Amino acid sequence: MITNYNEQEKVTGYLIELLEKINVILFRIENELFSFSDLNFLTGFTIYEIDGNVLRKIPNADHGTTGASKDVIPLDDGKYENYASVRLAKEKDKTKYTLPLQQEVRNGYYIVSYRMNMGIDPNKIWIFNFHVNSETNEMAWNLLQNDDILNVSEVYRLFHALCLIILRNENGMEEFRNVSS
């Protein structure tokens, strides 16, 4: 619970900024300009798809990062076992893989991974990796990790819904209707 006035003011600012960015995205969807790059409104990201025993980076789905994320990550390679995205991809317990996982890759810099079912095909699964500097991007860190502002699951659902729209727009598929997280 936020009790400090300055903290409440900061949180209100986060929500106003988030709403402004979502409004821009909605107009870009309407104008048929919406793409992966528009998902960079909170923090940098990389999106992978589970493809058999590997995570495969989705083309054009790496924005606001250094670009050093691997194109392919073998799920059975021990050197990647601590990656949050690998742990999510390998998780079989649905109650655990619906929650985001985080990994601190260097002091104050985190990869927060979220698993998303992409349509009615249960085998089409994406892992959304948010790249967050907790010290310089307080808004992203708080919206992704802190239920004091709003239920963080709604932020993840927002990104899931936007990814479904991109997938539908790029593939012209109707099979993605009536999907929720």
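Each step along the sequence shown adds one to the number in full-length UniProt numbering, with nothing skipped, and position 147 is 147.
Just so it is clear, CB atoms sit at the ideal spot from N, CA and C, and this is done for glycine as well.
The structure presented is a predicted model; accordingly, all values stated were derived computationally and were not measured.
Check, Outcome
"Cα-Cα separation between residue 5 and residue 144, rounded to whole angstroms", "22 Å"
"CA nearest to the CA of residue 39, picked from 120, 19, 32, 61", "61"
"C-beta atoms of residue 47 and residue 58 nearer than 7 Å", "yes"
"Residue of 115, 15, 109, 7 minimising C-alpha distance to residue 66", "109"
"Alpha carbon of residue 175 to alpha carbon of residue 123, nearest angstrom", "With a pLDDT of 47 at residue 175, under the threshold of 50, the modelled position of that residue is not reliable, and the figure given next carries that caveat. About 14 Å."
"Buried/exposed call for residue 43, threshold 16 Cβ in 10 Å", "buried"
"Coil, strand or helix - residue 18 by DSSP", "helix"
"Exposure label - residue 151; buried when at least 16 CB within 10 Å", "exposed"
"When 162, 136, 131, 147 are compared against residue 68, the one with the closest alpha-carbon", "131"
"Coil, strand or helix - residue 113 by DSSP", "strand"
"DSSP state of residue 61 mapped onto helix, strand, coil", "strand"
"Residue 78, buried or exposed, once every other Cβ within 10 Å from all chains shown has been counted against 16", "exposed"
"Nearest-angstrom Cα separation, counted from residue 116 out to residue 73", "18 Å"
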